[in-house]
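In the working numbering, the protein residues as written are 53 to 375.
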């Protein structure tokens, strides 16, 4: 059983030592909790896949302390530099060409010649990077394909008995509650590979032009980004999206002030605030799944604008047929 530790300075130093020793540590970021390993250690990175039951073709995000550290591993272009200046540290991941001399494990790239990399803003994540003195590969700290964790309790519930996991650093609930936005640069064009915690319009405002859109299926562009499997982020219960009414055999994930009456329901944001809805999404999906008892989860429509694009992406994948 993994040991859950309050994210004190002493506990973070202990967790950093575990990373250097090749063990796994779960830790909070501003987006979701990550399952971290030394990104330069092949065996440690392989243990992430083993613990999660994660397909080997799904890349991992590498977390580093700052842009200077990122430049040791990947090659920036002018627009990537612009995005890094605007959004790092923070909830955006850039997929960039690997440097030939990077010590990063090839497993983090899942056989591609690119690396997904970001600089987290969460104080615990930053402290762990400093303590570990290593770049940290970290997908979400949950069994592959299941709902992402936004609290330490979620991590313990899903992976607490995984023998590869040494510690869970409890830094409280993740403030954004939605995975990072992933931007790649196929043929030099800034392209949205995965919507997430930073909305498309914020990124386009910095760039001064529209983002390209990747086909996020099973092709090469989809593989370049984590979280692009058709069925992903899934609770145990089935989901019905864009529900205007609720059946007797359903529980309700509501949004906005005009939610229909339901015996069991939770509201992502009664005021219709998409930022609040994004922060609540995974925790409320988990909570409804725990009480559904075989019932389906009906989900009210979410506006497909701003952070709503990322919320709808996660809901669509959560509702997809299971492989």
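Backbone N, C-alpha and C fix where the C-beta goes; we use that ideal spot for every residue, glycine too.
Assumed close pair residue i, residue j - CB separation to whole angstroms, cut-off 8 angstroms
i: residue 80; j: residue 248; result: That pair is no contact at about 16 angstroms.
i: residue 230; j: residue 83; result: 6 angstroms
i: residue 193; j: residue 113; result: Between residue 113 and residue 193 the Cβ distance is about 12 angstroms, and since that is not below 8 angstroms, they are no contact.
i: residue 125; j: residue 158; result: Their Cβ separation, rounded to whole angstroms, is 12 angstroms, which puts residue 125 and residue 158 out of contact at 8 angstroms.
i: residue 293; j: residue 371; result: 5 angstroms
i: residue 303; j: residue 314; result: 7 angstroms
i: residue 104; j: residue 238; result: That belief does not hold up - the Cβ atoms of residue 104 and residue 238 are roughly 27 angstroms apart, past 8 angstroms.
i: residue 333; j: residue 258; result: That pair is no contact at about 25 angstroms.
i: residue 208; j: residue 54; result: 7 angstroms
Contact check, residue i vs residue j, beta carbons under 9 angstroms
i: residue 85; j: residue 213; result: no
i: residue 116; j: residue 180; result: no
i: residue 235; j: residue 228; result: no
i: residue 200; j: residue 145; result: no
i: residue 131; j: residue 242; result: yes
i: residue 171; j: residue 121; result: yes
i: residue 190; j: residue 87; result: yes
i: residue 164; j: residue 111; result: yes
i: residue 396; j: residue 367; result: For residue 396 there is no data in the structure shown, the boundaries of the chain being 53 and 375.
i: residue 141; j: residue 173; result: yes
i: residue 250; j: residue 139; result: yes
i: residue 75; j: residue 96; result: yes
i: residue 177; j: residue 68; result: no
i: residue 119; j: residue 137; result: yes
i: residue 262; j: residue 254; result: no
Endpoints, alpha helix (DSSP H) assigned at residue i
i: residue 361; result: 360–371
i: residue 236; result: Element bounds for residue 236: not the alpha helix (DSSP H) but the beta strand (DSSP E), 233–236.
i: residue 356; result: Premise fails: residue 356 is in no alpha helix (DSSP H) and is neither H nor E.
i: residue 298; result: Careful: residue 298 lies outside any alpha helix (DSSP H) and carries neither H nor E.
i: residue 339; result: 326–344
i: residue 135; result: 130–139
i: residue 158; result: No alpha helix (DSSP H) holds residue 158; DSSP gives it neither H nor E.
Residue span of the beta strand (DSSP E) that contains residue i, given as start and end
i: residue 319; result: 317–319
i: residue 206; result: Segment 204–211 is the alpha helix (DSSP H) holding residue 206; no beta strand (DSSP E) there.
i: residue 246; result: 243–246
i: residue 70; result: It is not in any beta strand (DSSP E) - residue 70 instead sits in the alpha helix (DSSP H) that spans 61–72.
Closest by C-alpha distance to residue i, when choosing among the options
i: residue 72; options: 218, 196, 371; result: 218
i: residue 341; options: 119, 286, 215; result: 286
i: residue 308; options: 133, 290, 328; result: 328
i: residue 335; options: 353, 305, 322, 310; result: 305
i: residue 348; options: 360, 331, 301, 363; result: 301
i: residue 317; options: 156, 350, 123, 222; result: 350
i: residue 339; options: 310, 325, 356, 320; result: 320
i: residue 215; options: 99, 137, 157; result: 99
i: residue 312; options: 298, 205, 322; result: 298
i: residue 288; options: 265, 252, 354, 197; result: 197
i: residue 373; options: 357, 262, 284; result: 284
i: residue 128; options: 162, 94, 143, 166; result: 166
i: residue 337; options: 290, 357, 362, 323; result: 290
i: residue 362; options: 346, 326, 352; result: 326
i: residue 162; options: 226, 175, 187, 94; result: 94
Bridge partner(s) assigned by DSSP for residue i
i: residue 11; result: Since the first residue of the chain shown is 53 and the last is 375, residue 11 is not available in this structure.
i: residue 90; result: 188
i: residue 219; result: 55, 77
i: residue 378; result: Since the displayed the chain opens at 53 and closes at 375, residue 378 lies outside it and no answer follows.
i: residue 265; result: 244
i: residue 198; result: 286
i: residue 174; result: According to DSSP, which records beta bridges pairwise, residue 174 is partnered with nothing at all.
i: residue 168; result: 113, 147
i: residue 126; result: 150
i: residue 291; result: 349
Contact with chain C by residue i, beta-carbon distance below 9 angstroms
i: residue 277; result: Looking at the structure shown, chain C is missing, and only one protein chain is on hand.
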